[in-house]
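*Asks:*
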Amino acid sequence: MNHILVTGAAGFIGFHVTARLLSQGHRVTGVDNLNSHYDVRLKRDRLAELRQFETFEFHEADITDVESLSHLFVQNPFQKVIHLAAEVGVRNSLLKPLEYVQSNVLGFVNLLEQCRLKEVEHVVYASSSSVYGANRKIPYSTHDAVDHPISLYAATKRADELIAHSYSHLYDLPTTGLRFFTVYGPWGRPDMAVYLFTKAILEGTPIKVFNHGNLKRDFTYVDDIVSGVLGVLEQIPVRTEPVSEATAVDLNDQTVAPYRLYNIGNHQPVGIARLIDVIEQRIGKPAIRENFPMQPGDVLETYADISELQQATGFTPSTSIEQGIDRFVDWYLAYHSRGK
Ligand code: NAD
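Numbering (the UniProt record's numbering), first residue to last: 1 to 340.
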């Protein structure tokens, strides 16, 4: 049994990762500031599910708070850290630039400092497919250049990768970044397409369709993501050969220990128009589609090359969009029938 810290544990992915770790018998401490990016009740309801496990402990705290994070690390000798707390979403980052840099960059450095001081065995952190910017070369590979972010959110995630690299390089702190590709599933985020479209179809309100639905996303089912994250935690060797300070390090060189970076996606992009079709069919009701132009910061297609993660851990996503939507709509109807 490991003692693992999960930041962003009340969030969508953090909740699922924590639930799986707890069901495997690990001890988990969750941290989250319960921000109001979307309905806080959903975060509290996720936490209520997690609290059914005796081996779960929760701290409402902000990862930018140096003292409370330091106190937490003094009280708890965490072996591993899964960092998922962040200000999320491309569009919102245009409205709240300071909050994004504060949480996503300063908060991450604050966490890495504690991990370095307490010699945490492995830090696994969330990056994002958004770092690829308007890259047109598909599928996206971690060997592609990613120095042209087109949103502030993407820039903060790329900054995290660079900062993680410097911590691994300087202090031999094992870090693994995972570039998530559009995650969906039960307990999902109300600000994301799958939730928004399901809600709109059920309530008979219009769906905003950007670029006439000619956008593709590599929608990845949350259980597949959790398997990928835990595969990294269990199978990636840590505390390997220190990197020589004198070595010029290639950021994308996966062999440079102990810094690693992978794509984690479904490797099967789905058009937004098709996604709406699948949800309509599952619900048995047509959508009202309203067309809008492309939004600033948006990209035409995301598509993950997952061969490196596959090779390293055997990661193989197995949930089709139809299966995933089926499970999401089941959850949505059950959750909202409880008066939520
Ligand atoms: P989420 O918003 O549901 O979860 C993030 C959680 O972090 C929230 O509960 C929020 O309250 C918490 N948080 C934010 N700032 C904090 C701070 N300063 N201190 C403490 N807690 C803080 O989002 P999610 O979809 O679960 O995303 C998890 C991670 O995965 C994020 O880092 C996100 O950038 C990344 N990611 C998600 C997706 C996706 O499709 N969901 C895609 C790419 C990357």
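By construction, the Cβ of each residue, glycine as well, lies at the ideal position given by its N, Cα and C atoms.
1) Here's a check: name, in chain order, each residue in its chain whose Cβ is nearer than 8 Å to the Cβ of S23, leaving out the five neighbours to either side.
2) Which one or two residues does DSSP pair with G30 in a beta bridge?
3) Does the distance from the CB of I150 to the CB of A126 come in under 8 Å?
4) Below 8 Å on the Cβ atoms is my contact criterion, and I expect D298 with L215 to pass it. Report the Cβ-Cβ distance as a whole number of Å.
5) What's the C-alpha gap between A85 and D32?
6) In chain order, which alpha helix (DSSP H) runs of at least 4 residues are fully inside the segment 112-200?
7) Using 8 Å as the threshold, is the C-beta distance between E308 and Y259 below it?
8) Go through its chain and collect everything with a Cβ distance to Q295's Cβ below 7 Å, but skip five positions before and after it.
9) Can you find a heavy atom of the ligand ATP that lies under 7 Å from the Cβ of K118?
10) Is the beta carbon of S93 within less than 7 Å of some heavy atom of the ligand NAD?
11) Do D223 and P269 have their C-beta atoms closer together than 8 Å?
12) What residues in its chain sit with their C-beta under 7 Å from that of G314, if we drop five residues either side in the sequence?
13) Can you tell me the Cα-Cα spacing of D322 and G177, whole angstroms?
14) Can you give the Cα-Cα distance for E67 and V74, rounded to whole angstroms?
15) Hey, V131 and V229: beta-carbon distance below 8 Å or not?
16) Please indicate yes or no: does the CB of R327 lie closer than 7 Å to some heavy atom of the ligand NAD?
17) Count the other CB atoms within 10 Å of the CB of G25; is the residue buried (16 or more) or exposed (fewer)?
18) Taking the beta strand (DSSP E) that N291 falls in, what are its first and last residues?
19) The ligand NAD and A164: does the residue's C-beta get closer than 7 Å to at least one heavy atom of that ligand?
20) Using only CA atoms, which one of L333, Q79, L34 lies nearest to I201?
21) Hey, would you say A138 sits closer than 8 Å to S103, going by beta carbons?
22) Within the same chain, show all residues whose beta-carbon is closer than 8 Å to that of D160, passing over the 5 residues directly before and after it, in chain order.
23) Take T182 as the anchor and find which of A10, G265, Y153 has the nearest alpha-carbon.
24) Can you determine whether any heavy atom of the ligand NAD sits closer than 7 Å to the C-beta of I13, and answer yes or no?
25) Take F328 as the anchor and find which of R27, S227, V194 has the nearest alpha-carbon.
26) Do R189 and F15 have their C-beta atoms within less than 8 Å of each other?
*Replies:* For this structure:
1) Within the sequence shown, residue 23 is the residue found at index 23, counting from 1. Contacts found: F53.
2) On the sequence shown, residue 30 is found 30 positions in, with the first residue counted as 1. V6, F58.
3) Looking up residue 150 in the sequence shown gives position 150. Looking up residue 126 in the sequence shown gives position 126. Cβ atoms of I150 and A126: not closer than 8 Å.
4) Translated into the one-based positions of the sequence shown, residue 298 becomes position 298. Translated into the one-based positions of the sequence shown, residue 215 becomes position 215. The Cβ separation is near 7 Å, so the contact holds.
5) Working through the sequence shown from its first residue, we reach residue 85 at position 85. Working through the sequence shown from its first residue, we reach residue 32 at position 32. About 7 Å.
6) 152-171
7) Locating residue 308 in the sequence shown gives position 308, where the first residue counts as 1. Locating residue 259 in the sequence shown gives position 259, where the first residue counts as 1. Not a contact, by the Cβ cut-off of 8 Å.
8) In the sequence shown, the residue the question calls residue 295 occupies position 295. R91, F210.
9) Absent from the structure shown: the ligand ATP. Ligands present: the ligand NAD.
10) Residue mapping note: residue 93 aligns to position 93 of the sequence shown, counting from 1. No, since every heavy atom of the ligand NAD falls outside the 7 Å radius drawn around the Cβ of S93.
11) In the sequence shown, the residue the question calls residue 223 occupies position 223. In the sequence shown, the residue the question calls residue 269 occupies position 269. No.
12) As a working note, residue 314 is residue 314 in the sequence shown. For G314, where only same-chain residues beyond five positions count, the Cβ hits under 7 Å are G231.
13) If you number the sequence shown from 1, residue 322 lands on position 322. If you number the sequence shown from 1, residue 177 lands on position 177. One point to set straight first is that residue 322 is Glu, not Asp, in the sequence displayed. Distance between the alpha carbons of E322 and G177 is about 29 Å.
14) Against the sequence shown, residue 67 aligns to sequence position 67. Against the sequence shown, residue 74 aligns to sequence position 74. So the alpha carbons of these two residues sit roughly 10 Å apart.
15) Residue mapping note: residue 131 aligns to position 131 of the sequence shown, counting from 1. Residue mapping note: residue 229 aligns to position 229 of the sequence shown, counting from 1. No.
16) Against the sequence shown, residue 327 aligns to sequence position 327. Answer for R327: no, Cβ out of range of the ligand NAD.
17) Taking the sequence shown and counting its residues from 1, one reaches residue 25 at position 25. G25 should be labelled exposed.
18) For the purposes of this step, residue 291 is identified with residue 291 of the sequence shown, where counting begins at 1. Note, N291: beta strand (DSSP E), 288-292.
19) Counting from 1 along the sequence shown, the entry for residue 164 is found at position 164. Checking the Cβ of A164 against the ligand NAD gives no.
20) If you number the sequence shown from 1, residue 201 lands on position 201. When only C-alpha atoms are compared, the closest one is L333.
21) For the purposes of this step, residue 138 is taken as residue 138 along the sequence shown, with counting starting at 1. For the purposes of this step, residue 103 is taken as residue 103 along the sequence shown, with counting starting at 1. According to the sequence displayed, residue 138 carries Ile and not Ala. S103 is positioned such that its CB atom lies no closer than 8 Å to that of I138.
22) On the sequence shown, position 160 is the one that residue 160 refers to. If we look at D160 and ignore the five residues flanking it on each side, its Cβ neighbours are N104, V105, F108, Y125, S127, G177.
23) Here the question's residue 182 lines up with position 182 in the sequence shown. The residue with the shortest Cα to Cα distance from T182 is G265.
24) To locate residue 13, count along the sequence shown from 1; it is residue 13. At least one heavy atom of the ligand NAD is nearer than 7 Å to the Cβ of I13, so yes.
25) For this step, residue 328 is matched to residue 328 along the sequence shown. Among R27, S227, V194, the Cα nearest to that of F328 belongs to V194.
26) Along the sequence shown, one-based indexing puts residue 189 at 189. Along the sequence shown, one-based indexing puts residue 15 at 15. The answer is no: Cβ separation not under 8 Å.
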